[in-house]
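To keep things clear, I will list the structure first and then write my remarks on it.
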Amino acid sequence: MSRHDEPQNADESSPLLPDSSNDTTNEAPIAEELSLPKLLAVLSSIWIGVFLAALDGTVISTLLAPISSEFNSFASLSWITTAYLIAQAALQPLFGKLTDIYGRRNGLLVSNGLFILGTAMCGLATSEGFMIVGRVIAGAGGGGLFSISSIVGTDLVPLRKRGIVQGGGNIAFGVGASLGDPIHFHLCPLRLPLRPHPDPPATTSPHKRVDYLGSLSMVLFLTIFLLALNTGGSLLPWSHPLVLICLPLSCVFLGLFIYTELHWAKEPIIPLGIFSDLTVASACLTYLFLSMSVYCAYFFLPIYSQLRGLSATAAGLHLTTYPIGISVGSLGSGIIMNKTGRYYWLGVSAIVLYCLGAGLFCTFNLTTPDLPQYVYLFFFGTGYGATLTTVLLALIAAVKHEEQATTTSASYLFRSTGGTIGAAAGAAVFQTALRSNLVKRLGDSEAAREVIEKVLEDFSEIGKVAEKWKIPVVEAYMGSVRLVFITAFAFGVLGVITTVMMREHKLHSTLNRK
Numbered sequence: 001m002s003r004h005d006e007p008q009n010a011d012e013s014s015p016l017l018p019d020s021s022n023d024t025t026n027e028a029p030i031a032e033e034l035s036l037p038k039l040l041a042v043l044s045s046i047w048i049g050v051f052l053a054a055l056d057g058t059v060i061s062t063l064l065a066p067i068s069s070e071f072n073s074f075a076s077l078s079w080i081t082t083a084y085l086i087a088q089a090a091l092q093p094l095f096g097k098l099t100d101i102y103g104r105r106n107g108l109l110v111s112n113g114l115f116i117l118g119t120a121m122c123g124l125a126t127s128e129g130f131m132i133v134g135r136v137i138a139g140a141g142g143g144g145l146f147s148i149s150s151i152v153g154t155d156l157v158p159l160r161k162r163g164i165v166q167g168g169g170n171i172a173f174g175v176g177a178s179l180g181d182p183i184h185f186h187l188c189p190l191r192l193p194l195r196p197h198p199d200p201p202a203t204t205s206p207h208k209r210v211d212y213l214g215s216l217s218m219v220l221f222l223t224i225f226l227l228a229l230n231t232g233g234s235l236l237p238w239s240h241p242l243v244l245i246c247l248p249l250s251c252v253f254l255g256l257f258i259y260t261e262l263h264w265a266k267e268p269i270i271p272l273g274i275f276s277d278l279t280v281a282s283a284c285l286t287y288l289f290l291s292m293s294v295y296c297a298y299f300f301l302p303i304y305s306q307l308r309g310l311s312a313t314a315a316g317l318h319l320t321t322y323p324i325g326i327s328v329g330s331l332g333s334g335i336i337m338n339k340t341g342r343y344y345w346l347g348v349s350a351i352v353l354y355c356l357g358a359g360l361f362c363t364f365n366l367t368t369p370d371l372p373q374y375v376y377l378f379f380f381g382t383g384y385g386a387t388l389t390t391v392l393l394a395l396i397a398a399v400k401h402e403e404q405a406t407t408t409s410a411s412y413l414f415r416s417t418g419g420t421i422g423a424a425a426g427a428a429v430f431q432t433a434l435r436s437n438l439v440k441r442l443g444d445s446e447a448a449r450e451v452i453e454k455v456l457e458d459f460s461e462i463g464k465v466a467e468k469w470k471i472p473v474v475e476a477y478m479g480s481v482r483l484v485f486i487t488a489f490a491f492g493v494l495g496v497i498t499t500v501m502m503r504e505h506k507l508h509s510t511l512n513r514k
């Protein structure tokens, strides 16, 4: 384990957040450990940003109907959601290295500025196109808030306590994602009082340290790849020229990114050498498979509840034990790691618990009582939250201090990509299985084909079909949803395998890892 210089004593003029813009050596400075009041002030400010970004990422789903009525357009409505997710996923991996160069505070200011600008554009939009542009800008800012908040936590808190801080961040995310629109703009001013100190002037131009080609090629790869996955099979058929062009083109930019990072960049945006460490590689793959599993399963849980006759609101209430489980798992695992200084078996147990919850989803049928659903969702959420926290600790404990920010960014690359792949895989499995199941149960008559096309296009049509068709249609939907749950469980099992491959590293009690 590399050793670092002792941090200088802080005084009243010392900035709350560490500044890395003056670091011209290969070794990042280690921040002074803050007093509890200062630490809470910094983290609370950052977590408010996480809360708002999480809220903004989900609140749009409750507003799609009035938005569509306002703009008289259903054709490209899903782009309002997709634009935010793609921008967030494509830009998140950049923030680690860029904030190493320009400083964490500058990164937070830019992220907040983009987020506020994008949100304001959405609120003032007079056309759907203008709103989509606003969602792209807000997604870029939200992605920065998520990743930088995690990086700052690692800067300011020793590894032994890092899990507790991550648990707090995950709670802020979970609460934000579960709340609605009314409080959104009322909380924005709370970000303003904690104005950071100005950064001192850098001795060399930070712009010369930026890996422009690597950054551009990675953003283009992720944008084009995620665009293909989000549109293929939903907005456009997989055989559409746009999808067929985007997938191979994304591979070209991926190859360019890898070549640039290995042979060209002096300071790579993501140093690929970190993946030579078994724990780093295994942890990133765990994030990939875990995100694939979560996004594959989670969006179909409300559909399952509605198949049982619940309203959309009641179906949402049935998911309440999931965010509760995330909070318990995140904070609980952080407390355990703080007490024991170990994470390996906790991480393995956490993802096994997650797989238990995902596997029990496969037993759902149309007569399953409510109580088992709440319990299984709690297992699912607790395992997910604990796995997120323990895997993050494994990642940052396995690398040198100066590599923590870029390693954290790499983890977001795998999480974002995995979520998109999982959502696309779940949708593809569901659509393919549903058509097959409907034909099998309803037959191939002209009347049956008409019913099949209606229920494929609109879920609400199930309640409008003739009684003789209703039960077969619901059973076809149920069989298709169950197949999605099985797919999600399989992704989770892959995550168990990669988690087992991680290695135990020491969780130090001080920032200088002594």
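Just so it is clear: in the sequence shown, position 135 is 135 by full-length UniProt numbering, and no numbers are missing.
For glycine and all other residues, C-beta sits at the position ideal for the given N, C-alpha and C.
Thinking C-alpha only, which one of the options is nearest residue i?
| i | options | result |
| --- | --- | --- |
| residue 525 | Leu108, Ala386, Thr407, Tyr384 | Past the edges of the chain, shown from 1 to 514, lies residue 525, and the structure says nothing about it. |
| aspartate 100 | Leu507, Ile269, Gly426 | Ile269 |
| threonine 387 | Ile421, Cys284, Ala90 | Cys284 |
| glycine 495 | Ser311, Lys208, Leu290 | Leu290 |
| glycine 332 | Ser349, Gly316, Leu319 | Ser349 |
| tyrosine 344 | Phe51, Gly273, Tyr102, Glu504 | Glu504 |
| serine 205 | Arg135, Tyr102, Asp155 | Tyr102 |
| alanine 281 | Ser411, Leu216, Gln373, Tyr212 | Ser411 |
| glycine 214 | Val465, Glu261, Ile224, Cys355 | Glu261 |
| alanine 428 | Val484, Arg135, Ile46 | Val484 |
| serine 436 | Ala425, Ser239, Ile452 | Ile452 |
| threonine 498 | Val474, Leu254, Val352, His401 | Val352 |
| glycine 142 | Ile116, Phe378, Leu226, Ile132 | Ile116 |
| methionine 121 | Ile80, Asn170, Ile471, Ser147 | Ile80 |
| leucine 356 | Thr368, Gly334, Tyr384 | Tyr384 |
| valine 252 | Ser239, Leu220, Ala228, Leu226 | Leu220 |
| serine 250 | His508, Tyr212, Phe378, Leu222 | Leu222 |
| leucine 360 | Leu226, Trp469, Gly255, Arg482 | Arg482 |
Look up residue i in the DSSP assignment and give the residues it is bridged to.
| i | result |
| --- | --- |
| glycine 236 | The amino acid occupying residue 236 in the given sequence is leucine; glycine does not appear at that position. Answer is Gly232, bridged to leucine 236. |
For residue i, which residues from the same chain have a beta carbon less than 8 Å from its beta carbon, with the 5 sequence-adjacent residues on both sides left out?
| i | result |
| --- | --- |
| asparagine 338 | Arg160, Lys161, Gly163, Ile164 |
| leucine 434 | Leu456, Ala476, Tyr477, Ser480 |
| valine 399 | Ile274, Asp277, Val280, Thr407 |
| valine 84 | Reading the sequence as shown, one finds tyrosine at residue 84 and not valine. Excluding residues within five positions, the ones whose Cβ falls inside 8 Å are Asp56, Gly57, Ile60, Arg135, Val136, Ala138, Gly139, Gly142. |
| glycine 426 | Tyr295, Cys296, Ala297, Phe299, Phe300, Val484, Thr487, Ala488 |
| glycine 107 | Phe95, Leu98, Thr99, Gly144, Ile148 |
| threonine 25 | With a pLDDT of only 42 at threonine 25, under the threshold of 50, the placement of this residue in the model should not be trusted, and no figure is reported. |
Mind checking which residues open and close the alpha helix (DSSP H) that includes residue i?
| i | result |
| --- | --- |
| lysine 468 | 467 to 500 |
| residue 527 | The structure shown does not extend to residue 527, since the chain spans only 1 to 514, so no value can be given for it. |
| leucine 278 | 278 to 298 |
| serine 509 | Where serine 509 is concerned, there is no enclosing alpha helix (DSSP H), given that its DSSP letter is neither H nor E. |
| lysine 440 | 404 to 442 |
| lysine 400 | No alpha helix (DSSP H) holds lysine 400; DSSP gives it neither H nor E. |
| glycine 255 | 241 to 259 |
| threonine 320 | Here threonine 320 belongs to no alpha helix (DSSP H), and DSSP marks it neither H nor E. |
| alanine 265 | Looking at the DSSP string, alanine 265 is not in any alpha helix (DSSP H), and its letter there is neither H nor E. |
| isoleucine 303 | 301 to 307 |
| lysine 464 | No alpha helix (DSSP H) contains lysine 464, which DSSP labels as neither H nor E. |
| arginine 135 | 128 to 156 |
| lysine 454 | 446 to 457 |
| residue 531 | Missing from the structure shown is residue 531; the chain here goes from 1 to 514 and no further. |
Could you pull out every residue in the same chain whose Cβ sits closer than 7 Å to the Cβ of residue i, ignoring the five residues on either side in sequence?
| i | result |
| --- | --- |
| glutamate 33 | Leu511 |
| glutamine 373 | His318 |
| methionine 501 | Leu278, Ser282 |
| leucine 39 | Leu156 |
| phenylalanine 491 | Phe289, Met292, Ser293, Cys296, Gly422 |
| serine 330 | Gln166, Gly167, Asn170, Ile171, Gly385, Ala386, Leu388, Thr389 |
| alanine 315 | Pro302, Ser305, Gln306 |
| serine 509 | Pro158, Arg160 |
| phenylalanine 185 | Residue confidence for phenylalanine 185 is low, a pLDDT of 42 falling below 50, so the modelled location carries little weight; the figure read from the coordinates is stated next. Result list for phenylalanine 185: empty, nothing under 7 Å. |
Leaving aside the five residues before and after residue i along the sequence, list all residues of the same chain whose C-beta is less than 6 Å from its C-beta, in chain order.
| i | result |
| --- | --- |
| alanine 423 | Tyr295 |
| asparagine 230 | Thr82 |
| leucine 413 | Pro93 |
| alanine 448 | Leu442 |
| leucine 288 | Phe414, Gly418 |
| lysine 97 | Ile269, Thr406 |
| residue 557 | Look at the range of the chain in this structure, 1 to 514, and you will see that residue 557 is not part of it. |
| alanine 87 | Val136, Gly139, Ala140 |
| glutamine 404 | Thr154, Ile396 |
| alanine 90 | Val219, Leu222, Thr223 |
| lysine 506 | none |
task = Would you mind listing the beta strand (DSSP E) stretches within the region 329 to 390 that are 3+ residues and don't spill past its ends, in chain order?
result = Fully enclosed beta strand (DSSP E) runs of 3 or longer: not present.
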